[in-house]
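Chains as they are written, first to last, in our numbering: chain A, 1 to 243; chain B, 1001 to 1230.
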């Protein structure tokens, strides 16, 4: 589904953020990307739907080359859902309008169709009563669930999560993770940048560990948590699992 | 000192001052603000575009307009627009352009330079995550601007845009140099006809002051309300 091969990316002439990154995500697979901050994991996931350009290598998404100038990027992006660290709901639109806008403008669904789909997804994330509120009236956890519903409304073939719980208060993290766990169990293809190792050990098939722009480890979940091969991954794990 | 003042001249000329003069002034202000906003938003988008050349052109335009006194631009345009029209239409003689059209074009061009700077700040005040989220949903650049970025930028900047419009309302009085009967022009005509300069100019000042004051107060109220919603 997602094939990343030999991706190199620089900011400016000298600072390399991604170094020869190669990995893939198969259909129905859940892959967790972790690593210390500044390791390039968010950048990598943003390269997948071309929100970030990269200079070398290639990424193929469902058979379509992302970094081909001829690729219709808006059309491609509409097929993968993305959830951001800071939710990025549209503050001037009501919750239900947040869910309908792209359905109507991008997929060309009728307003009724979009509303029906939006209502169904709000029900799924347990926020039906908030349909007519504005994003600022909701808690962080609720906003992130809306953001997930907004992405799902486009019937994506895969979902990208960029640290979906990092900006949340601890008591709100689980309500978001629950939604994500359900998604994973339904067989959604997911690439998730997160520090939530509990989530990773519960639903991930594979774990990718990045450090300083490199993919240091790309292993099955059991192997990664059981015995990480690299010293850097061992150190990272011992640090975040010690509390 | 006030013995030989005749304030009745104001009462007698009220219909002319307001029905002709003020309605002209308000129409010019409204249309210029609207046109300036549309044109100014385009310039702001050009300035922020990733095509360097577009940004340069827009930047030059803004700097140029802001470096000239408005009166000069008004004059200039009044005498130039007929020739530009001739050139554009290929007519054999300079086309006739009414004073209203000419001053409207001038104010739209001039205000666009100021509105564009306000809209630019407004667009830049929107976090990068918003257009990113719009793109991630498959919206094109123009859709993302139209549905996500510009509505928010416009809301954030509404008080500043309105304040600039109040300034514009006062600035429209400069068209009186073209002998157009806007509010000030009408007052000045009456003043000279009846030899009542002091009365008429005092009254004109009072009217501009009252309208601008009330409008400014309205903007402040609006600003407070917007601050609560956010």
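Idealized CB from N, CA, C, for every residue including glycine. Since this is a predicted model, take the numbers as computed values, not measurements.
Using a Cβ-Cβ cut-off of 8 Å (strictly less than) and excluding sequence neighbours within five positions of residue 1082 of chain B, which residues of its own chain qualify?
Translated into the one-based positions of the second chain, residue 1082 of chain B becomes position 82. Correct list, in chain order: 1094, 1095, 1096 and 1097.
Which same chain residues end up closer than 6 Å to residue 1165 of chain B when comparing Cβ atoms and leaving out the 5 residues on each side of it in sequence?
In the second chain, the residue the question calls residue 1165 of chain B occupies position 165. Here the set comprises 1033.
Can you name the residues that DSSP bridges to residue 16 of chain A?
Reading the first chain from its first residue, position 16 is the one you call residue 16 of chain A. DSSP output for residue 16 of chain A lists A:10 as bridge partner(s).
Given a limit of 7 Å on CB to CB distance, which residues of the stretch 1137-1153 of chain B reach chain A?
Listed by position along the chain: 1137, 1138, 1139, 1140, 1143, 1147, 1148, 1151 and 1152.
Is the beta carbon of residue 73 of chain A sitting closer than 9 Å to the one on residue 158 of chain A?
Position 73 of the first chain, counted from the start, is the residue given in the question as residue 73 of chain A. Position 158 of the first chain, counted from the start, is the residue given in the question as residue 158 of chain A. Result no, Cβ atoms of residue 73 of chain A and residue 158 of chain A do not sit closer than 9 Å.
Quick one: what's got a C-beta closer than 7 Å to residue 1120 of chain B's C-beta in the same chain, skipping five residues either side?
Numbered from its first residue, the second chain carries residue 1120 of chain B at position 120. If we look at residue 1120 of chain B and ignore the five residues flanking it on each side, its Cβ neighbours are 1044, 1047 and 1048.
Listing by chain order, which chain B residues have their CB less than 9 Å from the CB of residue 84 of chain A?
If you number the first chain from 1, residue 84 of chain A lands on position 84. Here the neighbours are 1129, 1132, 1133 and 1136.
Can you list, in chain order, the residues of its chain whose CB lies under 7 Å from that of residue 1122 of chain B, leaving out five sequence neighbours each side?
Residue numbering aside, residue 1122 of chain B sits at position 122 when the second chain is read from its first letter. So the list reads 1153, 1154, 1156 and 1157, once near-sequence residues are dropped.
Quick one: list the residues of chain A neighbouring residue 1011 of chain B, beta-carbon separation under 7 Å, in chain order.
The residue labelled residue 1011 of chain B in the question sits at position 11 within the second chain. The premise fails here: residue 1011 of chain B is roughly 48 Å from chain A at the closest Cβ pair, so nothing lies under 7 Å.
Cβ closer than 8 Å: which chain A residues qualify as neighbours of residue 1155 of chain B?
For this step, residue 1155 of chain B is matched to residue 155 along the second chain. Per Cβ cutoff of 8 Å: 92.
What are the boundary residues of the alpha helix (DSSP H) that includes residue 209 of chain A?
Counted from its first residue, the first chain places residue 209 of chain A at position 209. Note, residue 209 of chain A: premise wrong, no alpha helix (DSSP H); beta strand (DSSP E) at 206-211.
Any idea if residue 215 of chain A is buried or exposed, counting beta-carbon neighbours within 10 angstroms, 16 or more meaning buried?
Stepping through the first chain from its first residue, residue 215 of chain A is reached at position 215. Classification of residue 215 of chain A: buried, given that the 10 Å Cβ count is 16 or more.
CB-CB under 7 Å to residue 1071 of chain B, same chain, minus the five flanking residues each way: which ones, in chain order?
Mapped onto the second chain, residue 1071 of chain B falls at position 71. 1174 and 1177.
Tell me whether residue 1068 of chain B is buried or exposed, calling it buried when 16 or more other Cβ atoms sit within 10 Å of its Cβ.
Against the second chain, residue 1068 of chain B aligns to sequence position 68. Answer is exposed; the Cβ neighbour count stays below 16.
From which residue to which residue does the alpha helix (DSSP H) around residue 182 of chain A run?
In the first chain, counting from the first residue as 1, residue 182 of chain A sits at position 182. Element bounds for residue 182 of chain A: 170-185.
Would residue 118 of chain A count as contacting chain B if we go by Cβ distances under 9 Å?
Counting from one through the first chain, the residue named residue 118 of chain A turns up at place 118. So, not an interface residue.
For the stretch 94-112 of chain A against the stretch 39-51 of chain A, are there 3 or more C-beta pairs whose distance is under 8 Å?
With a cut-off of 8 Å, the stretch 39-51 of chain A and the stretch 94-112 of chain A do not count as touching, because too few Cβ pairs lie within range.
Measure the Cβ-Cβ separation of residue 84 of chain A and residue 1132 of chain B and say whether it is below 9 Å.
Along the first chain, read from residue 1 onward, the residue named residue 84 of chain A stands at position 84. Along the second chain, read from residue 1 onward, the residue named residue 1132 of chain B stands at position 132. Yes, they are a contact pair.
Are there 16 or more other CB atoms within 10 angstroms of the CB of residue 1207 of chain B, so buried, or fewer, so exposed?
Locating residue 1207 of chain B in the second chain gives position 207, where the first residue counts as 1. Counting Cβ neighbours within 10 Å, residue 1207 of chain B comes out buried, since at least 16 surround it.
Out of B:1066, B:1007 and B:1080, point me to the one whose CA is closest to residue 1117 of chain B's CA.
Numbered from its first residue, the second chain carries residue 1117 of chain B at position 117. Measuring from the Cα of residue 1117 of chain B, the nearest candidate turns out to be B:1066.
In the DSSP assignment, find the beta strand (DSSP E) that holds residue 58 of chain A and state where it starts and stops.
Within the first chain, the letter at position 58 stands for residue 58 of chain A. Unbroken beta strand (DSSP E) run through residue 58 of chain A: 56-61.
In whole angstroms, give me the CA-to-CA distance for residue 1059 of chain B and residue 120 of chain A.
If you number the second chain from 1, residue 1059 of chain B lands on position 59. If you number the first chain from 1, residue 120 of chain A lands on position 120. If I take the Cα positions, the gap works out to 48 Å.
Do you know whose CA, among A:222, A:204 and A:149, lies nearest residue 122 of chain A's CA?
The residue you call residue 122 of chain A lines up with position 122 of the first chain. Closest by alpha carbon: A:149.
Take residue 1024 of chain B and list the residues in its own chain whose beta-carbon comes closer than 6 Å to its own, dropping the five residues that flank it on each side.
Here residue 1024 of chain B is taken as the residue at index 24 of the second chain, counted from 1. Excluding sequence neighbours, residue 1024 of chain B sits near 1182.
When the Cα atoms are used, what is the spatial distance from residue 114 of chain A to residue 1085 of chain B?
Stepping through the first chain from its first residue, residue 114 of chain A is reached at position 114. Stepping through the second chain from its first residue, residue 1085 of chain B is reached at position 85. Approximately 49 Å, taken between the alpha carbons.
Hey, does residue 81 of chain A have any beta-carbon neighbour from chain B nearer than 9 Å?
By one-based count along the first chain, residue 81 of chain A stands at place 81. Closer than 9 Å to some Cβ of chain B, the Cβ of residue 81 of chain A qualifies, so yes.
Just the chain B side, please: which residues come within less than 8 Å of residue 188 of chain A by C-beta, in chain order?
As a position in the first chain, residue 188 of chain A is number 188, starting the count at 1. In chain order: nothing, as chain B lies at least about 16 Å away.
Identify each residue in the stretch 67-80 of chain A for which the Cβ-Cβ distance to at least one residue of chain E is less than 7 Å, and report them in chain order.
The question asks about chain E, but that chain is absent: this structure's protein chains are A and B.
Which word fits residue 170 of chain A, buried or exposed, when buried means at least 16 other C-beta atoms lie within 10 angstroms of its C-beta?
For the purposes of this step, residue 170 of chain A is taken as residue 170 along the first chain, with counting starting at 1. So residue 170 of chain A ends up on the exposed side.
What did DSSP end up calling residue 154 of chain A once you bin it into helix, strand or coil?
Residue numbering aside, residue 154 of chain A sits at position 154 when the first chain is read from its first letter. Coil, per DSSP.
Just reading off the beta strand (DSSP E) that residue 1132 of chain B is part of, what are its end residues?
Working through the second chain from its first residue, we reach residue 1132 of chain B at position 132. Run containing residue 1132 of chain B: none in the beta strand (DSSP E); it sits in the alpha helix (DSSP H), 1129-1136.
If you follow the beta strand (DSSP E) that residue 218 of chain A is in, where does it begin and where does it stop?
Residue 218 of chain A sits at position 218 when you count from the first residue of the first chain. Residue 218 of chain A -> beta strand (DSSP E) spans 214-220.
Return no unless some Cβ of chain B is closer than 9 Å to the Cβ of residue 212 of chain A.
Translated into the one-based positions of the first chain, residue 212 of chain A becomes position 212. It does not: the Cβ of residue 212 of chain A has no partner Cβ on chain B nearer than 9 Å.
Between residue 1231 of chain B and residue 1105 of chain B, which are expected to be in contact by the criterion C-beta below 8 Å, what is the C-beta distance as a whole number of angstroms?
Chain B is shown from 1001 up to 1230; residue 1231 of chain B falls before or after that span and cannot be answered.
Where residue 182 of chain A and residue 125 of chain A are concerned, what is the direct C-alpha to C-alpha distance, given to the nearest angstrom?
If you number the first chain from 1, residue 182 of chain A lands on position 182. If you number the first chain from 1, residue 125 of chain A lands on position 125. Near 10 Å, if we compare the C-alpha coordinates of residue 125 of chain A and residue 182 of chain A.
Does chain B have any CB closer than 9 Å to the CB of residue 163 of chain A?
Locating residue 163 of chain A in the first chain gives position 163, where the first residue counts as 1. Cβ-Cβ to chain B under 9 Å: no for residue 163 of chain A.
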